[in-house]
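One structure is given below, encoded as structure tokens.
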């Protein structure tokens with residue numbers, strides 16, 4: 010009985026998450042006349058069109074924003090992983106000098122935050138303002154993710170490290186050849202956390218970037234969704250504003266939707282193993 014209630018509840022919750030996504034995808038692929046005939050919403054279209062995606066690709070702002078978001082995601086995630094691994098691995102070693110002080114310093118930053126204005130002043134005084142690095146460097150490290158990785162590394166048998174050192178392996182070789190192959194679940198999981206955060210960069214772009222050519226996809230999507238529908242719609246325009254907006258939403262969400270199934274099998278293991286202890 011209880012299992013049946015849980016299954017029904019999960020199905021209902023899943024529908025609440027799935028139906029809005031299907032409506033957006035259907036609206037982006039449906040001719041505007043059919044959308045209007047159905048009151049502005051279509052779940053199962055009877056005809057299809059790609060004019061929204063074609064028109065979106067032919068604009069200059071969306072392709073430029075995709076390049077910016079791709080750069081921020083790839084470079085930012087690589088920097089995130091290098092810094093997180095470089096901090097988490099030494100901190101997982103109990104013999105590291107000053108380990109307790111560094112851990113307390115990291116915990117301190119999770120409790121006390123400087124706030125928006127001091128952070129803005131730091132970005133400005135370091136010359137990052139109005140540059141693409143303003144969306145990468147200020148968020149280069151997540152203490153929460155460092156602790157997950159540290160706990161995962163602590164769970165690995167210490168005999169592995171001792172055996173590798175007896176065979177002459179240094180710290181870098183030990184990390185790259187022995188530890189990394191065993192840490193694939195947590196590396197993929199944390200990498201996905203960082204990649205999603207970088208792809209969805211929004212507030213950093215709003216606060217620190219004024220150059221329109223450096224705006225990421227999320228900011229361009231915000232501009233499309235909040236623009237005046239009456240002003241945006243031109244009767245002579247081939248593609249209506251609603252179709253363009255829905256196509257932009259799909260383009261924005263599609264990369265993460267495509268990537269997630271390939272990492273999902275490691276997701277549960279990576280998060281749980283890294284979060285059970287301490």
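In the working numbering, the protein residues as written are 10 to 287. Even glycine gets a Cβ: it sits at the ideal position worked out from N, Cα and C.
In the three-state DSSP reduction, residue 211 falls in the coil class, being neither helix nor strand. Selection 166, 57, 78 evaluated against residue 101 yields 166 as nearest (Cα-Cα). Rounded to the nearest angstrom, the gap between the Cα atoms of residue 46 and residue 61 is 18 Å. Contact between the region 135-154 and the region 50-65 is not established, with fewer than three Cβ pairs separated by less than 8 Å. Ranked by Cα distance from residue 159, the first of 196, 216, 128 is 196. With respect to residue 209, residue 85 sits apart: the two C-beta atoms are not nearer than 9 Å.
Restricting attention to 20, 38, 15, 11, the CA atom closest to the CA of residue 258 is found in 38.
According to the DSSP assignment, residue 141 belongs to no alpha helix (DSSP H), since it is labelled neither H nor E. Residue state for residue 227 is assigned as helix, using DSSP reduced to three classes. A residue is called buried once 16 or more other Cβ atoms fall within 10 Å of its Cβ, and residue 26, having fewer, is exposed. DSSP, reduced to helix, strand and coil, places residue 220 outside both helices and strands of the structure shown, so it counts as coil. Judged by DSSP in its simplified three-state form, residue 170 adopts helix. Secondary structure at residue 95: helix, using DSSP grouped into helix, strand and coil.
According to the DSSP assignment, residue 108 belongs to the alpha helix (DSSP H) that extends over 108-120. Pairing residue 33 with residue 252 gives a Cβ-Cβ distance that is not under 9 Å. Rounded to whole angstroms, the separation of the alpha carbons of residue 221 and residue 267 is 28 Å.
With fewer than 16 other Cβ atoms inside 10 Å of its own Cβ, residue 91 counts as exposed. Residue 74 sits away from residue 54, with the two beta carbons spaced by 9 Å or more. Counting of Cβ neighbours within 10 angstroms places residue 189 among the exposed residues, the total staying below 16.
Using a Cβ-Cβ distance cut-off of 8 Å, the region 145-161 and the region 93-107 are in contact, since at least three pairs of beta carbons, one from each stretch, lie closer than that value. The C-beta distance from residue 186 to residue 192 rounds to 12 Å, too long to meet the 8 Å contact threshold.
Counted as a single uninterrupted DSSP element, the alpha helix (DSSP H) harbouring residue 130 occupies residues 125-134.
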